[in-house]
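In order, the protein sequence lines correspond to chains A and B. The opening residue of the first sequence carries number 393 in my numbering; numbering runs sequentially from there. The opening residue of the second sequence carries number 38 in my numbering; numbering runs sequentially from there. Positions of the beta carbon are idealized from the N, C-alpha and C atoms, including for glycine.
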Amino acid sequence: QQQVKQSPQSLIVQKGGISIINCAYENTAFDYFPWYQQFPGKGPALLIAIRPDVSEKKEGRFTISFNKSAKQFSLHIMDSQPGDSATYFCAASPGGATNKLIFGTGTLLAVQP
Amino acid sequence: DTAVSQTPKYLVTQMGNDKSIKCEQNLGHDTMYWYKQDSKKFLKIMFSYNNKELIINETVPNRFSPKSPDKAHLNLHINSLELGDSAVYFCASSQDGTLGKLFFGSGTQLSVL
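Written as structure tokens, this is what we have:
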């Protein structure tokens, strides 16, 4: 029940395209869903986060879509750029507790010029 | 000026040795963490400290011992290193353990030969 399942494992997108990464969870106590971006040799950095009281959150080219009934959420990267090439992790926690954050398995995104 | 800094960046050692990784944050955060990222990039929490008090101790072997001399520092000492300990270890911090974003260091790549 503590798992967060993430897909795909890797993704290749052309510059200007839309990148979509999906996550699913089981634990209905989860109520905070962040996405982290990690570049090679660096630690993960928070990209965007959502709570289940909204179905969508947008920040620039990054959008989280949330489906509470399906227990799924996804990250959409619009107008993908080569600089977006990184590993993306979804995560979830109950009560927004950062000390109980469970990460997905990561998606390696490559945006081709 | 780095928010969360950890040293060393790389650590190569023989099986059976004892080693330490140091972490410092200058963000004034109350909570610090150690995460392990394995070769498949899976991120898993190991420990969480809040104001020098151990909050989370995930099923980590006793050979791993965190030490927090003050709330700005969280070191990780590993005894009797094993091949399976090879991974990237990330230190992170957050304002508190209940809400908000994690700030990660750049990681320590540990290679046990």
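Buried or exposed (CB count within 10 angstroms, at least 16 for buried), residue i
{"i": "B:VAL125", "result": "buried"}
{"i": "A:PRO432", "result": "exposed"}
{"i": "B:LYS73", "result": "buried"}
{"i": "B:ASN234", "result": "Residue 234 of chain B cannot be examined here, being either before or after the span of chain B that is shown, 38 to 150."}
{"i": "A:ILE469", "result": "buried"}
{"i": "A:ILE494", "result": "buried"}
{"i": "B:ILE58", "result": "buried"}
{"i": "A:LYS492", "result": "buried"}
{"i": "A:GLY452", "result": "exposed"}
{"i": "B:TYR47", "result": "exposed"}
{"i": "A:LEU467", "result": "buried"}
{"i": "A:PRO474", "result": "exposed"}
{"i": "A:ALA462", "result": "exposed"}
Spatial distance of residue i from residue j (CA atoms)
{"i": "B:PHE101", "j": "B:GLY144", "result": "17 Å"}
{"i": "A:ASN414", "j": "A:VAL446", "result": "17 Å"}
{"i": "B:VAL49", "j": "B:LEU150", "result": "7 Å"}
{"i": "B:ALA40", "j": "B:SER123", "result": "25 Å"}
{"i": "B:SER148", "j": "B:LEU91", "result": "27 Å"}
{"i": "B:SER117", "j": "B:PRO103", "result": "15 Å"}
{"i": "A:ASN419", "j": "A:ASP476", "result": "30 Å"}
{"i": "B:PHE79", "j": "A:GLY487", "result": "23 Å"}
{"i": "A:PHE425", "j": "B:ASN99", "result": "31 Å"}
{"i": "A:SER472", "j": "B:PHE140", "result": "25 Å"}
{"i": "B:ASP55", "j": "B:CYS128", "result": "19 Å"}
{"i": "A:PHE465", "j": "B:SER85", "result": "27 Å"}
{"i": "A:PHE454", "j": "A:PRO444", "result": "17 Å"}
{"i": "B:LYS138", "j": "B:ASN63", "result": "15 Å"}
{"i": "B:GLU95", "j": "A:ALA478", "result": "28 Å"}
Residue i CB to nearest heavy atom of the ligand NAP below 7 Å
{"i": "B:PHE79", "result": "With respect to the ligand NAP, the structure shown offers nothing to examine, as it has no ligands at all."}
Simplified DSSP state of residue i, which is helix, strand or coil
{"i": "B:ASP122", "result": "helix"}
{"i": "B:ASP133", "result": "coil"}
{"i": "B:ASN153", "result": "Past the boundaries of the shown model lies residue 153 of chain B; chain B is included only from 38 to 150, so the question cannot be answered."}
{"i": "A:ASP476", "result": "helix"}
{"i": "A:ASN419", "result": "coil"}
{"i": "A:LYS492", "result": "helix"}
{"i": "B:ALA40", "result": "coil"}
{"i": "A:ILE410", "result": "coil"}
{"i": "B:ASN31", "result": "The structure shown does not extend to residue 31 of chain B, since chain B is modelled only from 38 through 150, so no value can be given for it."}
{"i": "B:LEU139", "result": "coil"}
Nonlocal neighbours in the same chain, by C-beta distance under 6 Å from residue i, ignoring five residues either side
{"i": "B:THR68", "result": "ASN87, SER131, ASP133 and GLY134"}
{"i": "A:LYS449", "result": "ILE442 and ILE456"}
Residues near residue i by beta carbon distance below 7 Å, same chain, minus five either side
{"i": "A:VAL396", "result": "CYS415, TYR417, CYS482, ALA483, ALA484, ILE494, PHE495 and GLY496"}
{"i": "B:LEU120", "result": "MET52 and VAL149"}
{"i": "B:LYS108", "result": "ASP67, ASN88 and LYS89"}
Whole-number beta carbon distance between residue j and residue i, since they are thought to touch under 8 Å
{"i": "A:PRO505", "j": "A:LYS407", "result": "5 Å"}
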